[in-house]
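Here is the structure we will look at.
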Amino acid sequence: MVNIFPRIPFSQFKIGKWGSQIEDEKWISTQPIATTTAAVMQILATVPRIAYCRPNLIKHSQSKFILRDGTVVKTWKSPLFRDDCIFLADPDGKMIYGGCVWKHKEQLQDAIELISIKFT
12 MVNIFPRIPF
22 SQFKIGKWGS
32 QIEDEKWIST
42 QPIATTTAAV
52 MQILATVPRI
62 AYCRPNLIKH
72 SQSKFILRDG
82 TVVKTWKSPL
92 FRDDCIFLAD
102 PDGKMIYGGC
112 VWKHKEQLQD
122 AIELISIKFT
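The sequence shown runs 12 to 131 under our numbering.
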């Protein structure tokens, strides 16, 4: 049997990040997390079944309000899965925190209201 594929030396294989990982890195903040933002993240951690949200989804979100430390709170509803997503973004629009819920949307809305009252 004849091999029609050319031989590629192992040293030419590229190991590392691929498509979506590189895309996600563009949306992740590198700034240090302020104490106000850390407190907000603790409140969001109490929402049942909140899950990690991909950083590149922040581009679809709308700004709700700005915290005292300049962090922007953004929300988005996924049209396909009907997830409610919340993002905490730095002033440049890059994600500090991102979470989604599917069933416990009321608890997420309550947490957002609490955050807007306490930290704006």
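Glycine is no exception: its CB is placed at the ideal position from the N, C-alpha and C atoms.
Query                                                                                       : Result
Residue nearest to Asp121 in terms of C-alpha spacing, selected from Leu55, Asn67 and Val83 : Leu55
Beta-carbon gap between Leu99 and Ile107 smaller than 8 Å                                   : yes
Element boundaries [alpha helix (DSSP H), containing Gln53]                                 : Thr46 to Ala56
CA-to-CA distance, Lys88 to Lys114, given in whole angstroms                                : 13 Å
Buried/exposed call for Thr48, threshold 16 Cβ in 10 Å                                      : buried
Start and end residues, alpha helix (DSSP H) containing Phe130                              : Lys116 to Phe130
Contact check, Ile126 vs Val51, beta carbons under 8 Å                                      : yes
Three-state secondary structure assigned by DSSP to Lys105                                  : coil
Gly110 to Gly104 span [Cα, whole Å]                                                         : 16 Å
Distance CB(Asp94)-CB(Val112) smaller than 8 Å                                              : yes
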